[in-house]
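The sequence shown begins at 157 in this note's numbering and counts up by one. Each residue gets a CB set at the ideal place from its N, CA and C atoms; glycine is no exception. Here the structure is a predicted model, which is why all the values come from computation and not from measurement.
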Amino acid sequence: MAHSIVIFGASGDLTKRKLIPALFRLYQKGKLPPATRIIGVSRRKYSDERWRELLLETTRQFLGDRFDAEVWPAFVGQVHYVPGDVNQVDDFFSLEARLQEIEDDAADRVYYLATSPALYAAAASNLAAAGMAHESTAKRRIVIEKPFGTDLKSARDLNAHVHGVFAEKQVYRIDHYLGKETVQNLMVLRFANSIFEPIWNRDYIDHVQITVAESVTVEGRGGYYEQSGVLRDMFQNHLLQLLMITAMEAPVRFEADMVRDEKVKVLRAIRSLSGADFASDTVRGQYADYRRADGVNPASENATFAALKLHIDNWRWNGVPFYLRSGKAMSCRTTQIVIQFRQPPVMMFSASPEPNKLVIQIQPAEGIQIHFQTKTPDAGMRPRNAELDYRFQRAVRGALPDAYQRLLMDALGGDASLFARSDEVELAWGIVDPILAAWSSPAAPPLEMYDVGCWGPESSTRWMRDQGREWFDVCPVLH
Ligand code: BG6
């Protein structure tokens, strides 16, 4: 069966930065199924030719030396453009007619909503109204970008709306973190090895840290960020996804619903915060100068940094805190998961050794390190820190593929394992919403300011120390 990918929001940033470069890379590698047509839709009145010219420029820019000019003409021959307004049902009828001309035969279709989130509901309804959601032998799938709602209520409304016209198995909610090779590798590390799983529990693990630090500020996105803040922008989706994959039980098989059933169980087991917990178990911060960014209220109380302590009340994790933190304008860009093990039960040697750690570097220095103790040579029995360091960069040639390549391939192939299910999204909002509410009430911890280029507010460091723990504040070494 041939395939069509119909991208709504074709003139937007995501299309040019991520989707077209990812599709072109797949084509270059011979991975895109033959006879895959790419159809861009937006309100601009481009011709096929004009859109192709624009894409040549942007794809070359975003792929740099991975752009292959010789392959481009064949790829772009499969790329088309249809002007259309997502709010106008008539435009969908014209789109359907044009698609039928482009697809000489029946084709499976992926409708990719890369538009403003305000248009998701209209796009779904109008696809259905024009008969474009209905599946016969050819499949119809809809990919919905983040953010999926802005709170539990809006996410439920959007789910209800989408389910009114598409069955859940047709819906692919994107969280690009799930497309990252190193996030998927976390499942391979856990479930394709036998040495980690026996110690992956409360008997051996003291706590888990999940950090997504960004060195960038909000840059040109102040207006959006004022509405979202770090909890909506990073925690409801990316950090909770990382937590689910770190904490989940092994699925029976690697199949979409089996994987997602296990992830959802983790969210269900997260203890709700209430009353004084919001002040004791959360830290919120804002970087200096945030209030001067374009689109930001000069008296904004919006958090650009957050740290949370969450408990998972199940047999595996009871008593093991999961510390999650993320922020803009931090020391460096690093996404890492630190599994910190308990100290040995008896300290036999003079110096008190650092506890063992398994550090999973999601990006940018993708790899895994084990921190352990060895004897300091010629110094009695004094232990010292040592590290086993596995780097993808050294083991595989070339850069790891961008997350969108895997996600686009999976959407085309009908594999939803790496996409969020409706209950997953709603449960995640159910965790974030009460924190958002508490943060705008007297129960809120103080909003702490931090300088650009550090690990968040001082209070975050103190908060960990007061619990007898230390953040793993280490920037990745890039070589
Ligand atoms: C996006 C957020 O979802 O993820 C951005 O909206 C953030 O604010 C980005 O910068 C981080 O993604 P990555 O892949 O660069 O870690």
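| Check | Outcome |
| --- | --- |
| Rounded to whole angstroms, what's the CA-CA distance from Phe347 to Asp566? Just pull it up for me. | 21 Å |
| Touching or not, the segment 620–631 and the segment 451–458, by the rule of three or more beta carbon pairs under 8 Å? | no |
| With distances taken from CA atoms, which of Thr306, Met400, Met404 and Gly536 is nearest Ser135? | The chain is shown only over 157 to 635; residue 135 falls outside these bounds and no answer can be derived. |
| Please give me, in chain order, every unbroken run of the alpha helix (DSSP H) with length at least 4 that falls completely inside the segment 261–313. | 276–285 |
| Around the C-beta of Thr215, are 16 or more other C-beta atoms found within 10 angstroms, so that it is buried, or is it exposed? | buried |
| One question on the structure: do Ala425 and Gly441 come within less than 9 Å of each other, judged by their Cβ atoms? | no |
| Given a threshold of 16 other Cβ atoms within 10 Å of its Cβ, counted over all protein chains shown, does Gln517 qualify as buried or as exposed? | buried |
| Terminal residues of the continuous beta strand (DSSP E) containing Met565? | Not the beta strand (DSSP E): Met565 falls in the alpha helix (DSSP H), residues Ala559 to Gly569. |
| Taking its Cβ as the centre, do 16 or more other Cβ atoms sit within 10 Å of Leu544, making it buried, or is it exposed? | exposed |
| For the segment 610–625 and the segment 498–512, state whether three or more C-beta atom pairs, one from each stretch, are separated by less than 8 Å. | no |
| Check whether the segment 364–375 touches the segment 497–506, taking contact to mean three or more Cβ pairs, one atom from each stretch, closer than 8 Å. | no |
| List the endpoints of the continuous beta strand (DSSP E) containing Val608. | Run containing Val608: none; DSSP gives neither H nor E here. |
| Per DSSP, Glu543 forms a beta bridge with which residues? | His527 |
| Can you list, in chain order, the residues of its chain with a C-beta nearer than 7 Å to that of Asp261? Leave out the 5 residues immediately preceding and following it. | Ala158 |
| If you measure between the beta carbons of Asp264 and Tyr237, is that distance less than 9 Å? | no |
| Looking at the secondary structure, which residues open and close the alpha helix (DSSP H) in which Asp710 lies? | Not covered by the structure: residue 710. The range shown for the chain is 157 to 635. |
| Out of Ile495, Asn541, Ala551 and Ala542, which has the shortest C-alpha to C-alpha gap to Glu522? | Ala551 |
| Is Gln482 helix, strand or coil by DSSP? | Gln is not the amino acid found at residue 482; the sequence shown has Ser there. Here Ser482 sits in strand by DSSP. |
| Does the distance between the C-beta of Arg377 and the nearest non-hydrogen atom of the ligand SAM fall short of 8 Å? | No copy of the ligand SAM appears in this structure; the ligands present are the ligand BG6. |
| DSSP on Pro177, reduced to helix/strand/coil? | helix |
| Give the list of continuous beta strand (DSSP E) stretches no shorter than 3 residues that lie fully inside the segment 418–469. | 438–443 and 461–466 |
| Does the segment 575–589 come within contact of the segment 194–201, defined as at least 3 CB pairs closer than 8 Å? | no |
| Does the distance from the CB of Ile493 to the CB of Leu342 come in under 9 Å? | yes |
| Can you give the beta carbon distance from Val588 to Leu387, rounded, assuming they're within the 8 Å contact cut? | 5 Å |
| Between Met390 and the ligand BG6, is there a pair consisting of the residue's CB and a ligand heavy atom that are separated by less than 8 Å? | yes |
| Just to confirm the assignment, what range does the alpha helix (DSSP H) spanning Gln397 have? | Leu396 to Ala403 |
| Hey, how far is the Cα of Tyr560 from the Cα of Ala449? | 29 Å |
| Taking C-alpha atoms, which residue in Ser428, Ser430 and Glu405 lies nearest to Lys421? | Glu405 |
| Quick one, which of Val368, Tyr276 and Ala316 has its alpha-carbon nearest Ala485's? | Val368 |
| Taking the straight line between their C-alpha atoms, what separation do you get for Gln467 and Ser616? | Position check: residue 467 holds His in this sequence, whereas Gln was assumed. Cα to Cα, the separation comes out at about 18 Å. |
| Sorry if obvious, but does the Cβ on Ala485 come closer than 8 Å to a heavy atom of the ligand BG6? | no |
| So, at 6 Å on beta carbons, what are the nonlocal neighbours of Ala289 in its own chain, with the 5 sequence-adjacent residues on each side left out? | Leu283, Arg296, Val321 and Phe322 |
| Suppose contacts are defined by Cβ-Cβ distances below 9 Å. Is Leu170 in contact with Phe231 by that definition? | no |
| Within 10 angstroms of the Cβ of Asp558, are there 16 or more other Cβ atoms? Answer buried if so, exposed if not. | buried |
| Would you mind working out which of Arg472, Leu563 and Gln217 sits nearest Leu188, comparing C-alpha positions? | Leu563 |
| Excluding five sequence neighbours on each side, which residues of the same chain lie with their C-beta closer than 8 Å to the C-beta of Glu382? | Gly451, Val452, Asn453, Ser456 and Asn458 |
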